[in-house]
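Participant: Under the UniProt record's numbering, think of the first position of the sequence shown as 1, with each following residue one higher.
Backbone N, C-alpha and C define an ideal beta-carbon position, used for all residues, glycine too.
Predicted model, so just to flag it, every value in this text is computed and none were measured.
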Amino acid sequence: MKYNDFYSESIRNPEDFWKEQAQALAWNRFPTEILKDAPNGGNEWFSDGELNMSYLCIDRHIEAGFGDQVAIYYDSPVTNVKANITYMQLRDEVSKLAGGLKHLGLEKGDTAIIYMPMIPQAVYAMLACARLGLIHSVVFGGFAPHELAIRIDDCKPKVIITASNGIEIEKIIPYKPFVDEAIALAKHKTERVVIFDRKLGVHIPKMNYDVDYDTLVKESEPAEPVQVKSTHPLYILYTSGTTGTPKGIVRDTGGYATALKASMKYVYGIEEGDVYWAASDVGWVVGHSYIAYAPLLNRNSTVLFEGKPIKTPDASTFWRVISEYKVKVMFTAPTAIRAIKKEDPDGLLLKKYDLSCLEYQFLAGERCDVATLEWTQEKLGIPVIDHWWQTESGWPMLANMVGVELQPIKPGSAGFPVHGYNIQIMGEDGNLCGTNEEGYVLVKLPLPPGCLLDVWQNTKRFVSGYLEKFPGYYFSGDGGYKDEEGYVFITGRVDDIINVAGHRLSTAEMEEIVASHPAIAECAVFGIHCDLKGQRPLGLAVLKSGTDITSQKLEKEVIHNVRRDIGAVASFKELLVVNRLPKTRSGKILRKLLRNIADKSEYPIPSTIDDVAIIDEIKQAYSARNIGKPKKQTI
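Spelled out as structure tokens, the structure:
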């Protein structure tokens with residue numbers, strides 16, 4: 001099979017193409033209406049089809065005789081616990097938890113929040129919700145109560161499923177106090193909190209709404225899968241918005257299952273029965289798509305890893321896991337590879353393990369720099385593939401599709417458009433860009449199956465954010481260009497979202513917190529280059545007249561506030577006090593200019609700047625704090 005033929009067919013005849021892909025699933029009712037326009041201006045796939053995601057991920061494989069195959073390899077170097085969970089065991093755990101949730105009064109269409117660390121119970125909870133037709137929203141366990149409260153008020157869950165604690169390197173983080181505080185902060189009052197006690201000696205504050213996870217599962221009858229429509233929401237996943245208010249991306253069931261199943265074969269080159277590892281977190285889209293759903297849909301053994309690329313116990317951890325579980329394809333963020341490279345630049349630890357099982361190493365979550373890609377390729381001796389996609393897409397948009405045809409790897413490029421994505425580069429004027437001409441990265445409608453269905457309870461935001469700017473196209477929010485061979489290069493966000501170690505974070509939200517400090521008159525927060533994490537946030541603040549506070553004390557207090565309201569994941573560690581900020585004559589802060597000066601990029605001085613002398617002042621402020629110079633980083 002040739003890539004060009006395969007891809008062209010998906011664009012020319014999308015309905016026939018995706019109908020054929022949908023036949024790989026076990027539908028309760030196979031769809032007759034393959035593609036139609038949606039009322040919100042988007043499109044729907046397989047709208048009259050019916051199925052159940054939990055059944056497809058578990059029961060179907062048991063019925064086919066694969067109940068004893070390992071579904072999940074759980075590996076937790078932070079607790080020294082390992083477990084091989086078969087498909088039969090997975091069904092027992094998931095069906096009983098689903099029965100427990102049903103006993104609590106939850107039914108198809110209700111919402112649930114899952115606030116869990118990287119433990120099997122997190123995946124059980126996701127699949128149990130899917131089994132009943134509940135709409136789950138997984139919230140990354142590192143987020144602060146304030147962030148959790150925002151999501152509670154938006155999706156209004158009947159239940160929150162959580163654990164006693166998460167574990168960072170040599171640090172236990174109790175979760176229940178965070179949940180209790182979030183419920184107290186939220187206007188919506190969740191009826192029940194189901195708590196899984198990890199038995200690590202963590203105190204769990206008791207509330208009237210608490211339910212013990214183990215007791216609930218033990219006393220409940222297994223629940224059978226509930227049939228849902230293809231367009232029934234499977235989950236809500238919140239992503240940072242440019243306004244600072246998170247957007248609840250809504251994912252359907254049938255289109256998502258079809259796209260994920262196809263992606264395992266064609267994008268990642270994985271066959272049924274292979275071992276696949278996405279080193280991510282279930283709080284992010286990668287964790288949803290490629291830890292939980294896609295590998296299990298495809299009858300793979302998925303690795304659920306609770307640890308870090310370094311210090312658990314060292315930079316050999318990834319290689320140990322690959323070797324131990326015979327991983328065929330791995331997927332991680334460039335940040336993880338950079339951390340390993342920093343600790344073991346010569347790759348000596350890698351040589352301790354037999355990695356002959358590993359055929360492809362995929363990277364995504366942020367733009368991969370050439371040096372990192374080439375180092376990884378040299379040390380592993382296999383194709384290392386940078387690819388690009390988004391929370392909104394749910395699965396890859398650009399890749400080197402190794403399951404179709406492995407193309408030459410071009411460092412710096414995320415590859416070619418994946419089947420179903422008619423990707424175009426367009427200028428502000430609405431005209432298509434020429435070769436090597438940078439513009440907006442767009443996808444011509446219809447979007448393929450698996451992409452966002454809507455924004456939860458906010459169709460207006462869905463339309464304004466994705467469809468309005470370029471009618472007939474999905475606006476990705478990223479910039480990029482195509483070269484003469486058709487390779488696509490993503491140059492970065494065109495808004496104020498920054499990418500810190502693969503986590504998309506809103507600088508607008510951070511800015512709001514910084515500005516709330518009583519000593520600060522105005523501020524700017526933006527992302528600057530970081531060798532380890534891709535980007536890190538930098539804050540500049542102008543003090544109110546007559547304020548009596550040292551810059552050191554101010555910085556400490558602001559860092560504390562950001563950590564409290566967003567969490568450590570924000571990685572906000574630097575605040576500079578300046579006399580003024582560069583602005584246009586209309587008063588708009590020139591954040592891109594501030595970022596370019598810090599990154600020592602070439603930049604034109606905007607003609608709209610109100611005072612060009614401020615550039616030298618900013619340079620001096622950066623120099624005094626070594627901004628833009630290499631500095632020691634931790635992950």
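Please report the straight-line C-alpha distance between Ser47 and Pro225, rounded to a whole angstrom.
Facilitator: If you number the sequence shown from 1, residue 47 lands on position 47. If you number the sequence shown from 1, residue 225 lands on position 225. Approximately 19 Å, taken between the alpha carbons.
Participant: Could you tell me whether the stretch 166-180 touches the stretch 300-317, where touching means 3 or more Cβ pairs closer than 8 Å?
Facilitator: At 8 Å Cβ cutoff, the stretches touch.
Participant: Would you mind sorting Met118 into buried or exposed? The rule is 16 or more other CB atoms within 10 Å of its CB.
Facilitator: In the sequence shown, counting from the first residue as 1, residue 118 sits at position 118. Met118 should be labelled buried.
Participant: For Ala624, which option in Leu593, Lys187, Leu581 and Val577 has the closest C-alpha, if you only look at C-alpha atoms?
Facilitator: Taking the sequence shown and counting its residues from 1, one reaches residue 624 at position 624. Here the closest residue by C-alpha is Val577.
Participant: Let's see if you can read the secondary structure: which residues bound the alpha helix (DSSP H) around Val179?
Facilitator: Here residue 179 corresponds to residue number 179 of the sequence shown, with the count starting at 1. It spans Lys176 to Leu185 - the alpha helix (DSSP H) in which Val179 sits, taken as one unbroken run.
Participant: Which residue marks the beginning of the beta strand (DSSP E) containing Arg192, and which one marks its end?
Facilitator: In the sequence shown, residue 192 corresponds to position 192, counting from 1. Its beta strand (DSSP E) spans residues Arg192 to Phe196.
Participant: For Cys451 and Thr335, I'd like the C-alpha separation in whole angstroms.
Facilitator: For the purposes of this step, residue 451 is taken as residue 451 along the sequence shown, with counting starting at 1. For the purposes of this step, residue 335 is taken as residue 335 along the sequence shown, with counting starting at 1. Cα to Cα, the separation comes out at about 26 Å.
Participant: Starting from the C-beta of Leu380, find all residues in its chain whose C-beta is less than 8 Å away, skip the five residues before and the five after it, and write them out in chain order.
Facilitator: For the purposes of this step, residue 380 is identified with residue 380 of the sequence shown, where counting begins at 1. The answer, listed in chain order, is Leu350, Leu355, Leu358 and Gln361.
Participant: With DSSP collapsed to three states, give me the class of Leu132.
Facilitator: Mapped onto the sequence shown, residue 132 falls at position 132. Leu132 falls in the helix class under three-state DSSP.
Participant: Flag this pair as touching only if the stretch 452-464 and the stretch 36-55 have three or more C-beta atom pairs under 8 Å; answer yes or no.
Facilitator: The stretch 452-464 is in contact with the stretch 36-55.
Participant: Compute the beta-carbon to beta-carbon distance between residue 684 and Ala64, rounded to the nearest angstrom, for a pair I have assumed lies under 8 Å.
Facilitator: No information on residue 684 is available, as it lies outside the stretch 1 to 635 that the chain covers here.
Participant: Rank Phe66, Cys433, Ala519 and Pro120 by C-alpha distance to the C-alpha of Arg299 and give the top, closest one.
Facilitator: Position 299 of the sequence shown, counted from the first residue, corresponds to residue 299. Closest option to Arg299, Cα to Cα, is Phe66.
Participant: Along the chain, which unbroken stretches of the alpha helix (DSSP H) at least 4 residues long are found entirely within the stretch 320-394?
Facilitator: For the stretch 320-394, whole alpha helix (DSSP H) runs of length 4 or above, ordered along the chain, are 334-343 and 370-380.
Participant: Between the stretch 142-161 and the stretch 193-206, can you find at least three pairs of beta-carbon atoms closer than 8 Å?
Facilitator: Yes, the stretch 193-206 is in contact with the stretch 142-161.
Participant: In angstroms with no decimal places, state the Cα-to-Cα distance between Ala279 and Ala339.
Facilitator: Within the sequence shown, residue 279 is the residue found at index 279, counting from 1. Within the sequence shown, residue 339 is the residue found at index 339, counting from 1. Between Ala279 and Ala339, the C-alpha separation is close to 14 Å.
Participant: Mind checking Leu560: buried by the 16 CB within 10 Å criterion, or exposed?
Facilitator: By 1-based counting over the sequence shown, the position of residue 560 is 560. In the sequence as presented, Leu is not what sits at residue 560; that position holds His. Its Cβ having fewer than 16 others within 10 Å, His560 is exposed.
Participant: Roughly how many angstroms separate the alpha carbons of Phe416 and Gly486, rounded to a whole number?
Facilitator: As a working mapping, residue 416 is identified with position 416 in the sequence shown. As a working mapping, residue 486 is identified with position 486 in the sequence shown. Between Phe416 and Gly486, the C-alpha separation is close to 7 Å.
Participant: Residues in its own chain within less than 6 Å of Ala122 by CB, not counting five upstream and five downstream?
Facilitator: Position 122 of the sequence shown, counting from 1, holds the residue named residue 122. Once the five neighbours on either side are set aside, the close Cβ partners of Ala122 are Met116 and Val282.
Participant: When the Cβ atoms of the stretch 25-35 are set against those of the stretch 200-218, are three or more pairs found closer than 8 Å?
Facilitator: Flag = no, the stretch 25-35 and the stretch 200-218 do not touch.
Participant: How far does the alpha helix (DSSP H) with Gln620 in it reach, from first residue to last?
Facilitator: Along the sequence shown, one-based indexing puts residue 620 at 620. Where Gln620 is concerned, the enclosing alpha helix (DSSP H) stretches over Ile614 to Ala624.
Participant: Let me confirm a value: Arg564 is counted as buried when at least 16 other C-beta atoms fall within 10 Å, else exposed. Which label applies?
Facilitator: Locating residue 564 in the sequence shown gives position 564, counting from the first residue. The residue in question, Arg564, is exposed, as its Cβ has fewer than 16 Cβ neighbours within 10 Å.
Participant: Beta-carbon separation of Ala501 and Ala333 under 8 Å?
Facilitator: Here the question's residue 501 lines up with position 501 in the sequence shown. Here the question's residue 333 lines up with position 333 in the sequence shown. Contact flag set, yes.
Participant: Let me check one thing: in DSSP terms, what residues is Asn461 bridge-paired to?
Facilitator: As a working mapping, residue 461 is identified with position 461 in the sequence shown. Just to set this straight, residue 461 is Arg in the shown sequence, not Asn. Looking at the DSSP assignment, Arg461 forms no beta bridge with any residue, so it has no partner.
Participant: So what does DSSP say about Gly628, is it helix, strand or coil?
Facilitator: By 1-based counting over the sequence shown, the position of residue 628 is 628. Residue state, collapsed to three classes: coil.
Participant: Assign Ile161 to one of three DSSP states: helix, strand, or coil.
Facilitator: Indexing the sequence shown from 1 puts residue 161 at position 161. Strand.
Participant: Please go through the stretch 555-595 and give each complete beta strand (DSSP E) segment of 3 or more residues, from N-terminal end onward.
Facilitator: As far as the stretch 555-595 is concerned, its whole beta strand (DSSP E) runs of at least 3 residues are 575-577.
Participant: At which residue ranges does the stretch 217-287 contain complete beta strand (DSSP E) runs of 3 or more residues, listed in the order of the chain?
Facilitator: Runs of the beta strand (DSSP E) inside the stretch 217-287: 235-239, 247-251 and 275-278.
Participant: Under 8 Å, with one C-beta from each stretch per pair, do the stretch 83-94 and the stretch 179-192 reach the 3-pair mark?
Facilitator: Judged by Cβ distances under 8 Å, the stretch 83-94 makes no contact with the stretch 179-192, as fewer than three pairs qualify.
Participant: I want to know whether the stretch 253-268 touches the stretch 88-108 - three or more CB-CB distances under 8 Å.
Facilitator: Touching, no.
Participant: Between which two residues does the alpha helix (DSSP H) containing Lys19 stretch?
Facilitator: Counting from 1 along the sequence shown, the entry for residue 19 is found at position 19. Counting along the chain, the alpha helix (DSSP H) containing Lys19 begins and ends at Pro14 to Ala22.
Participant: Grouping DSSP H, G and I as helix and E and B as strand, with all else coil, what is Gln552?
Facilitator: Numbered from 1 along the sequence shown, position 552 holds the residue referred to as residue 552. Correct three-state label for Gln552: helix.
Participant: Once the 5 residues before and after Asn165 are set aside, which same chain residues still bring their CB inside 7 Å of it?
Facilitator: Walking along the sequence shown from the start, residue 165 turns up at place 165. Around Asn165: Ile172, Ile173, Pro174, Tyr175, Arg198, Leu200 and Val202.
Participant: Where do the N-terminal and C-terminal ends of the beta strand (DSSP E) with Tyr73 fall, by residue?
Facilitator: Counted from its first residue, the sequence shown places residue 73 at position 73. Taken as a continuous stretch (DSSP letters only), the beta strand (DSSP E) holding Tyr73 covers Val70 to Ser76.
Participant: CB-CB under 6 Å to Ala125, same chain, minus the five flanking residues each way: which ones, in chain order?
Facilitator: Taking the sequence shown and counting its residues from 1, the one referred to as residue 125 is at position 125. If we look at Ala125 and ignore the five residues flanking it on each side, its Cβ neighbours are Ile114 and Ile161.
Participant: Measure the CB-CB distance between Phe470 and Met510 and report whether it falls below 8 Å.
Facilitator: Here residue 470 is taken as the residue at index 470 of the sequence shown, counted from 1. Here residue 510 is taken as the residue at index 510 of the sequence shown, counted from 1. Cβ atoms of Phe470 and Met510: not closer than 8 Å.
Participant: Buried or exposed: which applies to Leu594, given that a residue is buried once 16 or more other Cβ atoms fall within 10 Å of its Cβ?
Facilitator: Against the sequence shown, residue 594 aligns to sequence position 594. Result: buried.
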